[in-house]
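This report concerns only the one structure given below.
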Amino acid sequence: TYNETISYQLINNINSSFSFIQLPASTLITTAVTTSIQTTTTTTTGSPCSYTVAGQCNSTSGSDRFSLKQPIDIYLTRNDSILYVADFGNTRIQQFQLSSKNGTTVPVSIPNVGGLYYDDYASILYIAQTAYDIVFRWPLNKTLPLTGAAKACSAAGGWFDGPYGIVGDAQGNIYVAHSDCNTVVKWAANATTPILIGGLGVTGNTSRHLNFPRHMYLDEKNSYIYVADSNNHRIQRFSTNGNGNRTGVTVAGGNGAGSGANQLNTPTGVFVSRKDGSVYVSDRTNHRIQKWLTNATSGVTVVGNMNGTSGNTTFTLNQPYTVVLDQNETYMYIADFSNNRIQRYPVV
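Residues in the sequence shown are numbered from 1246 upward in steps of one, following the numbering used here.
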């Protein structure tokens, strides 16, 4: 019988078979992931529930301050102290101190949240209201685009339809992925119209197209933006220089939908290591987090079942939407959407 208060050891063999062995309370927990590419082993301590930093570790949903329902996006502040959660199923934004699982609701009613971004420098929270085709800015109570502005999948309409992922830089520029327009645009500070960064406004699978882009990662140092090109089952990298070259480079996936090591299936989130450029992917429909080394042709499963099956145990996931790493890249945080929780694991 599984007991949340007892430490266990998770055993994973090459056939993706998992089993738990009860250990003494003070015993280290070792997780091992074995693939045809390499074997990665991480050692850590704690009970199964210690890996859950928000929501219920047993995957039950709820609307109280200790619970979540379908968390779809997360943002970790630059000092690693506060975690913002887009709690999609509860139509709210929750704020958690990492020292507590007691969430505080941001005092703004935001239905149909697709993504969020917090500007640490200006203390502004950006919230994508996907169904309403706006990005709400709190506490300014203003929107992108401005109220009354034209919105359509065209240059005149600002390529604005179905905003989803949001990222920003230190200069106050905001980048928005529009899932219905299949574009990524840049809003310069105080601009009234955006600049097209990636996509052509129509569905396609060439290097210049996107197909339902979701969440993104911004590499300010190298002027790149990484996009989870969800329905093309790949991660695309575009330049943010605005030089007119909107050709994307595939850095993960791109080999059709599937659960093979060289494949992704409807990826929705991406994070890039600031240390070595490794790409971490929320491989949503494969229920796993994949790590692709720079210039790799295949990825390695670091969390979840590498065969693409879901679960609700400590080391399995169910539709992970986003993944972020803390500043020192010691821990990764995962929005485990259908398990109604935020998980934290050591980075491997």
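Virtual Cβ for every residue (Gly too), placed ideally from N, Cα, C.
If you look at threonine 1428, you'll find it in the beta strand (DSSP E) that goes 1428-1432. Straight across, the Cα-Cα distance linking glycine 1300 with serine 1326 is about 17 Å. When beta bridges are read from the DSSP output, valine 1593 appears opposite no residue.
DSSP lists Leu1455 as the beta-bridge partner residues of threonine 1448. Pairing alanine 1400 with asparagine 1418 gives a Cβ-Cβ distance that is not under 7 Å.
For tyrosine 1366 against arginine 1382, the beta-carbon gap comes to about 14 Å, at or over 8 Å, which does not count as contact.
For the pair lysine 1536 and valine 1548, the Cα-to-Cα distance works out to about 9 Å.
In this structure, the CA atom of glycine 1522 is about 21 Å from the CA atom of arginine 1529. Distance check between leucine 1445 and each of Val1353, Lys1466 and Phe1405 places Phe1405 closest, using alpha-carbon atoms only.
Tyrosine 1409 and alanine 1473 have their C-alpha atoms spaced approximately 11 Å apart. Valine 1429 and valine 1421 have their C-alpha atoms some 6 Å from each other. For aspartate 1464, the closest alpha carbon among the candidates Asn1303, Ala1436, Ala1415 and Asn1435 is that of Ala1415.
A straight-line Cα-Cα distance of about 14 Å links asparagine 1540 and arginine 1479. Rounded to whole angstroms, the separation of the alpha carbons of valine 1593 and methionine 1551 is 15 Å. Per DSSP, the unbroken beta strand (DSSP E) holding histidine 1423 starts and ends at 1419-1423. For serine 1527, the closest of Gly1498, Arg1519 and Lys1520 by C-alpha to C-alpha distance is Gly1498. By the neighbour-count criterion, in which a residue is buried when 16 or more other Cβ atoms sit within 10 angstroms of its Cβ, alanine 1331 is buried. Just measuring C-alpha positions, the residue of Phe1341, Asn1584, Thr1546 and Leu1570 sitting nearest glutamine 1564 is Asn1584.
Burial of aspartate 1378 is indicated by the presence of at least 16 other C-beta atoms within 10 angstroms of its C-beta. By a beta-carbon distance limit of 8 Å, glutamine 1481 contacts leucine 1455. Their separation comes to about 7 Å. With fewer than 16 other beta carbons inside 10 angstroms of its own, threonine 1451 counts as exposed.
Taking valine 1515 as the centre and dropping the five residues before and after it, the same chain places the C-beta of Tyr1462, Tyr1471, Ala1473, Ile1480 and Val1526 closer than 6 Å to its C-beta, in chain order. Boundaries cannot be given for glutamine 1301, as no beta strand (DSSP E) includes it and DSSP labels it neither H nor E. Under the three-state reduction of DSSP, tyrosine 1366 is assigned to coil, being neither helix nor strand. For a cut-off of 8 Å, the C-beta gap from glutamine 1340 to valine 1353 is around 12 Å, too long to register as a contact. Excluding the 5 residues flanking it on each side, glycine 1413 has same chain C-beta neighbours closer than 6 Å at Tyr1362, Asp1364 and Ile1419, in chain order. Counting only residues of its own chain and dropping the five nearest sequence neighbours on each side, glutamine 1374 has a CB closer than 8 Å to the CB of Ile1355, Pro1356, Asn1357, Val1358, Gly1359, Val1380, Phe1381 and Pro1408. Around the beta-carbon of phenylalanine 1457, 16 or more other beta-carbon atoms lie within 10 Å, marking it buried. The DSSP-derived three-state label of proline 1293 is helix. In chain order, Lys1346 place their CB closer than 6 Å to the CB of phenylalanine 1311, counting only its own chain and leaving out the 5 sequence neighbours on each side. A distance below 7 Å between beta-carbons, with the five flanking residues on each side excluded, links proline 1390 to the following residues of its chain, in chain order: Lys1396, Gly1403 and Phe1405.
Look at arginine 1529 here: in three-state DSSP terms it is helix. With respect to histidine 1532, leucine 1570 sits apart: the two C-beta atoms are not nearer than 7 Å.
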